[in-house]
Structures are given as C-alpha cells and as structure tokens.
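Colleague: Numbered by numbering that gives the first Met the number 0, the letters in the sequence shown go through residues 0 to 268 in order. Ideal Cβ placement from N, Cα and C applies to all residues, glycine included. Quick one: this structure, given as structure tokens, is what I'll be asking you about.
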Amino acid sequence: MNNKFPTLGVGATFPVFNHQKYIKFLSSLDEKIDVVELIISPFLEEDMKSVVKELKTPIIAHCTWLSLGTDCSPNKDVVKKIINQIEYISPVWWGDHICFNGVPEISSGTLLPPILTRSSLETFIRNINSIKKETKFPFMLENVPFLFNPLGEIDPLDFINILLERTDSGLILGVENIVESNEYYPIDYKEFLNSINLDKIIEIHCPLVKDTKKQKQYNEILEYAALLGVKPKAFLWQLKDNNTGLPDKQYFSECVKWAKNTFFSEVLT
Ligand SMILES: [Fe+2]
Numbered sequence: 000m001n002n003k004f005p006t007l008g009v010g011a012t013f014p015v016f017n018h019q020k021y022i023k024f025l026s027s028l029d030e031k032i033d034v035v036e037l038i039i040s041p042f043l044e045e046d047m048k049s050v051v052k053e054l055k056t057p058i059i060a061h062c063t064w065l066s067l068g069t070d071c072s073p074n075k076d077v078v079k080k081i082i083n084q085i086e087y088i089s090p091v092w093w094g095d096h097i098c099f100n101g102v103p104e105i106s107s108g109t110l111l112p113p114i115l116t117r118s119s120l121e122t123f124i125r126n127i128n129s130i131k132k133e134t135k136f137p138f139m140l141e142n143v144p145f146l147f148n149p150l151g152e153i154d155p156l157d158f159i160n161i162l163l164e165r166t167d168s169g170l171i172l173g174v175e176n177i178v179e180s181n182e183y184y185p186i187d188y189k190e191f192l193n194s195i196n197l198d199k200i201i202e203i204h205c206p207l208v209k210d211t212k213k214q215k216q217y218n219e220i221l222e223y224a225a226l227l228g229v230k231p232k233a234f235l236w237q238l239k240d241n242n243t244g245l246p247d248k249q250y251f252s253e254c255v256k257w258a259k260n261t262f263f264s265e266v267l268t
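What follows is the structure, given as structure tokens:
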C-alpha cells in the first residue's frame, strides 16, 4: 500500500480556525516545511479557501465530522460541505477517525470509540466505502483518543486491521491518541505497533507540547515506530495553541530536522 503514495516529508498540522497565526509562525522558521495538514470544518469554507491560497506546500486535509461508525444515513448536508471542500483543496489525501460523533440531528461533541461487534464493523466498512466514492482523493483513517469500547467479540487491533484492509484505507498514526487511549483502557503502544499492519501507516501526526511528561511519552512512541522501520509518507507536528502558546521557533525547527532524519533520511535530500 505504502508505494501508492508520494513521499511528502515533514510538516505541520493546524486548524483552519485562526489560521493566520500558524501560517505566520511557519513562514518565519529557518527550517522550511514540506507539507501542511489542514484541519477543516464544514462551517469554515471561506477561511479554508484563504489558507489554500496562501500555502505553497502540498496539503493533506483532516476532519472529525463524518461519524463513520453511525448506523444510520449520514448527515448529508455535512458530508456535502466536506466533500466540496476536499474538491477545492485537492489534497494529496484526506482523513477522518475510526469513531462515532453522533447521529444526523445530535452531535456527541466528542469522538466516541468503536464498539467491537461484527455489526459495528460492517457499519464502518459500509460508511467508509460509501464516502470513498464521493471523491477521487485517497482517504485515510486515524486511531481515536478512546481507541475502543471493550464490548463485542473482535479484538481491538484486529478491528483496525480488518477495517483498513476491507476499505483499502491507509492509517494515520495519531500518536497523541495512543497515549490518551491508555487513560481509558490499558493500551501498550508496543503491542499496538506490533499488531498493526505497518505498511498501512501512510502518515504520522504528533503534537509538540510544553508538558514534558506528555512529550516524553509521544517521543517514546515515535522512537519505537522508527525502530520498527515505519516509513510514513508524511510526518506532521501538530501545532496547538491551548493557551500555552506556539513552540519556540528554534525548537520547532530542530524537531522538523529530527523527523526528517528519523523517517526520511533515505528518500529526502
Ligand atoms: Fe485527528
């Protein structure tokens, strides 16, 4: 699967909302980035357009709106708005999460975990295969911050592998989400990475945070992924403000260099 996608290199993830400060930050760095992952919203189409006009790098689009596990017809209005934006952006690929976030009339306000039953698996497969027909741009799935709800007969990691296989989707390895999942049910990141089909990991995204304990946990996962020989096509440092401010520019540039050396030393010059 991995060979089907171009190697994009290292970049940053940021939301369309309040995009000016992220673009300003990135354009002031010594170390140039290769790619941007843009988190879109169905309700911020005009902001999305202005970001796309400003960016000079390839773009990956990311969203949280599709609720791929919901067992009823999707919210057609939201799906249409998202697909229109994907067509406008022309991303190298785009993605959403292995989760529920509500039914058409009511949003859960969060990304709820999959239930590990056969019928839930079939619902995900049906919805993902249906959304993939809406646009020609390749679609990827991300592990969620609450990886699974331990109800049902399917092993959680088998659930992900089957889903990736039967929908022919790549995996976005959400590093923060592995750490967060451990707050709900014990998830050993080594077991997670040992069990996932590594050839399906097309993208890795990981936050850079000021909480050193958290950052150490993220870095351990990244180092283990590198040790296993994971070769993503894109690596994104997630920029979040969260009232703690953006990272120090020098530090961010060093992190970009580290990711280039760690995951792309053989392919990027
Ligand atoms: Fe995500």
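1) Measure the beta-carbon distance from A233 to G10 and round it to whole angstroms, keeping in mind my assumption that it falls under 8 Å.
2) Does the Cβ of K52 have 16 or more other Cβ atoms within 10 Å, making it buried, or fewer, making it exposed?
3) How far does the alpha helix (DSSP H) with P137 in it reach, from first residue to last?
4) Is any heavy atom in ligand 1 found nearer than 8 Å to the beta carbon of I171?
5) Under the three-state reduction of DSSP, which class applies to V255: helix, strand or coil?
6) In this structure, how does DSSP classify I114 when only helix, strand and coil are distinguished?
7) Can you tell me whether D76 is buried or exposed? The criterion is at least 16 other CB atoms within 10 Å of its CB, across all chains shown.
8) From which residue to which residue does the beta strand (DSSP E) around V9 run?
9) Among the candidates F251, E222, I58 and N176, whose CA atom is the shortest distance from the CA of F136?
10) Counting Cβ pairs closer than 8 Å, one from the region 201-216 and one from the region 233-245, do we hit at least three?
11) Let me check you understand the geometry: is the CB of E179 closer than 8 Å to at least one non-hydrogen atom of ligand 1?
Modeller: Put simply:
1) 7 Å
2) exposed
3) Taken as a continuous stretch (DSSP letters only), P137 belongs to no alpha helix (DSSP H), as it is neither H nor E.
4) yes
5) helix
6) strand
7) exposed
8) G8 to P14
9) I58
10) yes
11) no
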